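Residues in the first sequence are numbered from -7 upward in steps of one, following my numbering.
Worksheet for the structure shown next.
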Amino acid sequence: MKPVRVRFAPSPTGPMHIGGVRTALFNWLFARHHQGQFILRIEDTDQKRYVEGALELITEGLRWLGLDWDEGPEVGGPYGPYIQSERLERYQQWANWLVEQGKAYRCYCTEERLTRVREIAEKSGRRLQGYDRHCRNLSEEERQRLHDETGGEYVIRFKMPLEGQTVIHDLLRGDITFDNQELNDLVLLKSDGFPTYHLANVVDDHSMEISHIMRAEEWIPTAPIHKQLYMAFGWEMPQIAHLPVLLNPNGKGKMSKRSARFSEDGRAVPVLLNEFREAGYLPEAIDNFLATVGWSFGDDREIFTLAEAIEAFELGRVNPAGSAFPIHKLDWMNGTYIRDMEPLRLAQLIKPFLEDAGFEVNIEQLVGIVPHIQERIKTLKEAIEWTQFLWVEEFVLTDPEALIQKKMDAEGTLQALRGAYDVLVNLVDFAYESQEAAIRQYAEDNGLKASQVFNILRVATTAQQVSPPLFQSMAVLGREESLSRIQKAIDSLEKSNQPSQ
RNA sequence: GCCCCAUUCGUCUAGUGGCCUAGGACGUAGCCCUCUCAAGGCUAAAACACGAGUUCGAACCUCGUAUGGGGCACCA
């Protein structure tokens, strides 16, 4: 059996799309499972869409996810170069070879004519949309005339067989049959000398000895053309599987940056890999999650490592149907990874998020609070709201009314605050256990429910109704700062309690 | 308009002719735990798109219909 060689072939048009990431993951898992090679190839054949720095975004993203490549940019390999713009002569040679063989032809049609033809075809409801094969059978005189008229600018189009059928054997879907008369004479080589995807992917997959093509479902309609190209070249076509697409979370349409990127609860859903990263998702969670959409482990396992996925990965288990992007499941899964993480490591990962939010982070305090927010956050970014009470430069309690708990009044609240202050200020040590024992005792002695006093103190020290566990929070905050905040709460309550004059 | 693909709980999925009174997970609801919020534990509601075949037997095979998705560029 031929060695397994698969490729991931993104275009450098910006950050990776999460759908592309999953395609990369499936290819990578397949390669690793079969001890084959995973090749990264950059398809930068559209100069108009080229984005500066996009290549770095792609390689960085793949590395972040732990998807290493055996051949490709930065690592090289025996089949290079792996960037298509550096392989131009090959495509030109092969395109010209097809012309010489009578299997392709030069087309001199202008963009205006093409647009017009397309419009007419659309309006007339013609069976075959697109190009009308105007230049397919030009006489030499006509060709020469057009050549002169257009200043020698032309594209090379593939001469698609006009009859018969082309069958694609898809590893996931079985045989897919197309009538050749439904298929267009696609452009192989553009007028700027760059190849189109159709030519480049065939030439490269063949010359790089790719054994299996796993690409997105939207390529199915052009697969027969690619097959015909392989036949025209006399090359064996790699095995092929079309992977299902990722749909928007509401199931409406292909997941994309531009279309509805909102889930049913109205939240914005990330689409690009860097958006997931910035939102505070972990690479191991993204890997695990993506592997469960369109593929399943086999037993009922949902949480598994990349190594386990390699072991279990089978193309046959890939579900060919497109799937709505289950963003809520990602949240849950990311949460499980956060909970299982070493607190110290988690703290390191959270730190940059806090700094980006403009906070100056005390690392000791961060390490102290992390174990208490760990089971409360689903993304790293959520650590901001849970810990901001620690980092604010000047603590202000904007709404002293919030101190007053249910079934209590301002006077009672004030008394409780003063009482709690006295208890805490006299504590020998400020460990959370000591605080809790003392405050519980105080509540009991004064006929208050412990939770009432706790919540008053929570608001007083964090200015939030919801916080990490109170005494742990105060312990991390420190005795001095905690007491100072409680004093401030007392002051503000006294002030607002005075009858206005 | 034409071509192509797909169709199991709200969502992601298990299921490859009898093991299915259809399993798991997320989400949802209830209860327990509890200093808020979580996490955790328990419980519940929730699906084979429809119609014809094939077969002793169909979620699984075939054909139609419906619905959803993809494609019809000198973009990939």
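By construction, the Cβ of each residue, glycine as well, lies at the ideal position given by its N, Cα and C atoms.
Fair warning: this is a prediction, and the values are worked out from it, not measured in the lab.
Per DSSP, what kind of secondary structure is Pro213 in: helix, strand or coil? helix
With H, G and I counted as helix, E and B as strand and the rest as coil, what does DSSP make of Leu32? strand
Mind checking Thr371: buried by the 16 CB within 10 Å criterion, or exposed? buried
For Pro2, is the classification buried or exposed, using 16 other Cβ atoms within 10 angstroms of its Cβ as the cut-off for buried? buried
So Gly28 packs on Val67, CB below 8 Å; how close in whole Å? Not really, about 16 Å apart at Cβ, beyond 8 Å.
Within the segment 254 to 319, note down every full alpha helix (DSSP H) run reaching 4 residues or more, in order along the chain. 265 to 270, 275 to 283 and 298 to 304
Using DSSP's beta-bridge definition, name the partner residues of His161. Asp167
Looking at C-beta atoms only, is the number of pairs between the segment 123 to 139 and the segment 189 to 197 that lie closer than 8 Å three or more? no
Taking the alpha-carbon positions, what's the Ile369 to Asp62 distance? 36 Å
So, with DSSP's three-state summary, where would you put Gly68? strand
Between which residues of its own chain and Gln493 is the CB-CB distance below 7 Å, once the five residues before and five after are set aside? Its pLDDT being 40, under 50, Gln493 is placed unreliably in this model, and the value from its coordinates should be taken loosely. Nothing listed; no residue qualifies.
CA-to-CA distance, Met325 to Leu338, given in whole angstroms: 16 Å
Starting from Gln231, follow the alpha helix (DSSP H) in both directions and report where the run begins and ends. Looking at the DSSP string, Gln231 is not in any alpha helix (DSSP H); the run it does join, the beta strand (DSSP E), is Gln231 to Leu235.
Residues sharing a beta bridge with Ile205, DSSP: Ile232
Nearest CA to the CA of Lys219: which residue from Leu238, Met247 and Gln157? Gln157
Give me the Cα-Cα distance between Gly308 and Ile295, rounded to the nearest whole angstrom. 20 Å
Which class does Lys398 belong to by DSSP, given the choice of helix, strand or coil? coil
What residue from Tyr424, His26, Thr37 and Val451 has the CA that sits closest to Asp391's CA? Val451
Thinking C-alpha only, which one of Val417, Tyr97 and Gly245 is nearest Asn129? Tyr97
Alpha carbons only, please: which of Lys(-6), Thr5, His25 and Val(-2) is nearest the one belonging to Phe305? His25
Sorted by chain position, which residues of the same chain lie with C-beta nearer than 7 Å to Val43's C-beta, five sequence neighbours on each side aside? Pro4, Thr5 and Gly6
In the DSSP assignment, what are the bridge partners of Pro187? Leu181
If we ignore side chains and look at the alpha-carbon of each, how far apart do Phe268 and Ile112 end up? 43 Å
Taking only three categories from DSSP, how would you classify His9? strand
On the CB-based measure, 16 or more other CB atoms within 10 Å of its CB, does Pro70 come out buried or exposed? exposed
Hey, could you find the ends of the beta strand (DSSP E) Ala96 is sitting in? Ala96 to Cys99
Any contact between the segment 157 to 166 and the segment 131 to 139? By contact I mean 3 or more CB pairs, one from each, below 8 Å. no
Three CB pairs or more closer than 8 Å across the segment 146 to 157 and the segment 44 to 52: no
Ignoring anything shorter than 4 residues or poking outside the segment 74 to 128, list the alpha helix (DSSP H) runs there in chain order. 80 to 92 and 103 to 116
DSSP three-state call for Ile365: helix, strand or coil? helix
Neighbour-count burial assignment, Asn418, 16 or more Cβ in a 10 Å radius: exposed
So the candidates are Asp140, Lys40 and Ile365; which of them puts its Cα closest to the Cα of Thr188? Lys40
Touching or not, the segment 439 to 453 and the segment 399 to 418, by the rule of three or more beta carbon pairs under 8 Å? yes
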